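Sequential numbering of the sequence shown, starting at 1, is according to UniProt numbering.
Ideal Cβ positions, reconstructed from N, Cα and C, are used throughout, including at glycine.
Remember, it's a predicted structure, so these values are computed and weren't measured experimentally.
The structure appears below as structure tokens.
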Amino acid sequence: MYRKAVRTAQNWFPGLREAKNRFYHWSRSTFGLLHDRDFALVGRLPVRADDLFLDIGANRGQSILSLKRVRPEAAVVSFEPNPAMFRWLVARFGGRAGVRLVNVGLGRRAERRTLYTPRYGGFAYDGLATFSAAAARAYLSPETLYGFDPAKLTVDEAECETRTLDSFDLKPTFIKIDVEGLEHEVLAGAAFTLIAHEPVLMVERFHDNPTLEPMLASLGYVEVRPDAKGFARGHTDSENMICMTPRRLAEIQAALRVAAEAGQGRAGPSRLELVR
1 MYRKAVRTAQ NWFPGLREAK NRFYHWSRST FGLLHDRDFA LVGRLPVRAD DLFLDIGANR
61 GQSILSLKRV RPEAAVVSFE PNPAMFRWLV ARFGGRAGVR LVNVGLGRRA ERRTLYTPRY
121 GGFAYDGLAT FSAAAARAYL SPETLYGFDP AKLTVDEAEC ETRTLDSFDL KPTFIKIDVE
181 GLEHEVLAGA AFTLIAHEPV LMVERFHDNP TLEPMLASLG YVEVRPDAKG FARGHTDSEN
241 MICMTPRRLA EIQAALRVAA EAGQGRAGPS RLELVR
């Protein structure tokens with residue numbers, strides 16, 4: 001209900017969004033607040049000297065701030081295809097140490113694609129931009145906006161570059177994927193990277209995408225949940241799935257167990273080096 005009210009208010013007061021975004025950016029930067037509680041789980045992962053975190057679907061940089069909060073020493077590469085969003089990111093994170101910004105979308109192949117952004121009554125919801133025209137039209141409705149009038153709904157189009165994650169030849173240890181329902185396309189273009197390096201994944205559950213979990217399983221991943229000792233196989237009701245390969249899960253469990261037995265285990269990021 002809160003999100004619906006804020007979303008509706010933005011149509012009447014367009015400046016509210018920028019004020020809200022500036023406030024969120026300031027408060028998270030100043031007080032180290034996490035925009036999503038699931039990012040606290042990243043702090044449970046053992047530290048590696050080569051830690052590289054990928055932020056796929058950067059939006060306005062919420063994940064950059066949260067990742068740097070829980071793991072300030074990790075390098076972050078953020079991908080965002082939306083030109084308007086990317087300008088916002090550059091203005092706030094351009095030149096920041098340990099952060100690389102890439103203005104492309106990730107998918108199953110290299111191509112030019114149309115990015116669709118829903119607009120209602122002249123207000124563009126650039127945070128809901130997607131490569132799916134149907135999804136862009138479905139986001140705004142009586143369920144998401146008070147007083148919804150379908151006659152006021154239009155969709156902007158912009159051409160964007162997409163590439164596969166594999167084409168970047170990166171060696172990530174953690175990947176966050178939030179791309180408005182097209183997570184399976186990102187995974188399809190990341191198969192080599194996932195099989196070769198087995199990064200921990202945080203993948204948004206988007207409208208129970210029926211292709212997502214089978215694809216993760218085909219790549220050797222299982223869903224995990226937090227427990228008293230770190231992580232164990234299991235399902236959660238969170239908006240995000242945390243997934244690992246069984247080998248990576250066993251490796252992390254062993255590292256956390258050694259840290260606990262040595263008296264190094266504590267809440268927050270583990271300082272134990274994980275050596276492969």
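Identity of the residues DSSP links to residue i by a beta bridge
i      : result
Gly230 : Asp227
Asn240 : Glu204
Thr173 : The partner list for Thr173 (beta bridge, DSSP) is empty, contrary to what the question assumes.
Glu111 : Thr162
Thr8   : According to DSSP, Thr8 bridges with nothing at all.
Arg119 : Ala124 and Thr154
Asp149 : Looking at the DSSP assignment, Asp149 forms no beta bridge with any residue, so it has no partner.
Thr130 : Tyr116
Ala75  : Leu52
Leu106 : Arg163
Val179 : DSSP output for Val179 lists no bridge partner at all.
Range of the contiguous beta strand (DSSP E) that encloses residue i
i      : result
Pro210 : No beta strand (DSSP E) contains Pro210, which DSSP labels as neither H nor E.
Ala158 : Leu153 to Arg163
Arg100 : Val99 to Val102
Beta-carbon separation (whole angstroms), residue i vs residue j, contact threshold 8 Å
i      : j      : result
Ile64  : Val47  : About 19 Å; that fails the 8 Å criterion.
Leu165 : Leu201 : Going by Cβ atoms, the distance from Leu165 to Leu201 rounds to 12 Å, so no, they are not a contact pair.
Arg198 : Arg247 : First, the residue type needs correcting, since residue 198 is Glu and not Arg in the sequence shown. Yes, they are in contact, since the Cβ atoms of Glu198 and Arg247 sit about 7 Å apart, within 8 Å.
Asn203 : Met241 : Note that residue 203 is Val in the sequence shown, not Asn. Confirmed, about 5 Å.
Leu54  : Ile175 : 4 Å
Ala74  : Asp51  : 4 Å
Thr114 : Glu157 : 5 Å
Arg44  : Pro226 : 7 Å
Asp126 : Ala84  : 5 Å
Arg71  : Val42  : 6 Å
Pro172 : Thr144 : Not really, about 33 Å apart at Cβ, beyond 8 Å.
Residue i - containing alpha helix (DSSP H), residue span
i      : result
Lys68  : Gln62 to Val70
Leu256 : Pro246 to Glu261
Phe86  : Pro83 to Phe93
Phe192 : Ala191 to His197
Val186 : Glu183 to Ala188
Ala136 : Ala133 to Ala138
Residues near residue i in its chain [Cβ-Cβ closer than 8 Å; skip 5 each side]
i           : result
Phe93       : Gly61, Ile64, Ser78, Val99 and Leu101
Thr211      : His184
residue 357 : What the structure shows of the chain is the stretch from 1 to 276, and residue 357 is not part of that stretch, so it cannot be assessed.
Ala136      : Tyr116, Thr117, Pro118, Leu128, Ala129, Thr130 and Val155
Ser141      : Phe148
Ala5        : Tyr146
Ala250      : none
Ala191      : Asp166 and Leu219
Thr8        : Leu145, Tyr146 and Gly147
Spatial neighbours of residue i in its chain, beta-carbon cut-off 6 Å, leaving aside the 5 residues before and after
i           : result
Gly57       : Asp178 and Val179
Phe86       : Glu80 and Asn103
Gly121      : Asn11 and Lys152
Ala188      : Arg108
Ile223      : Residue identity differs from the one stated: residue 223 is Glu in this sequence, not Ile. Correct list, in chain order: His235, Met241 and Cys243.
Met215      : His184 and Leu187
residue 279 : Examination of residue 279 is not possible in this model, given that the chain is present from 1 through 276 alone.
Ala110      : Arg163
Leu67       : Phe53 and Val76
Ser238      : Asp38
Tyr139      : Pro118 and Leu128
Nonlocal neighbours in the same chain, by C-beta distance under 7 Å from residue i, ignoring five residues either side
i      : result
Arg276 : Any reading at Arg276 is ruled out, since the residue's pLDDT is 34, under 50, leaving its predicted position unreliable.
Glu261 : none
Glu159 : Arg112 and Thr114
Closer than 8 Å to chain D by CB, residue i
i     : result
Val77 : Note that chain D does not occur in the displayed structure, where there is just one protein chain.
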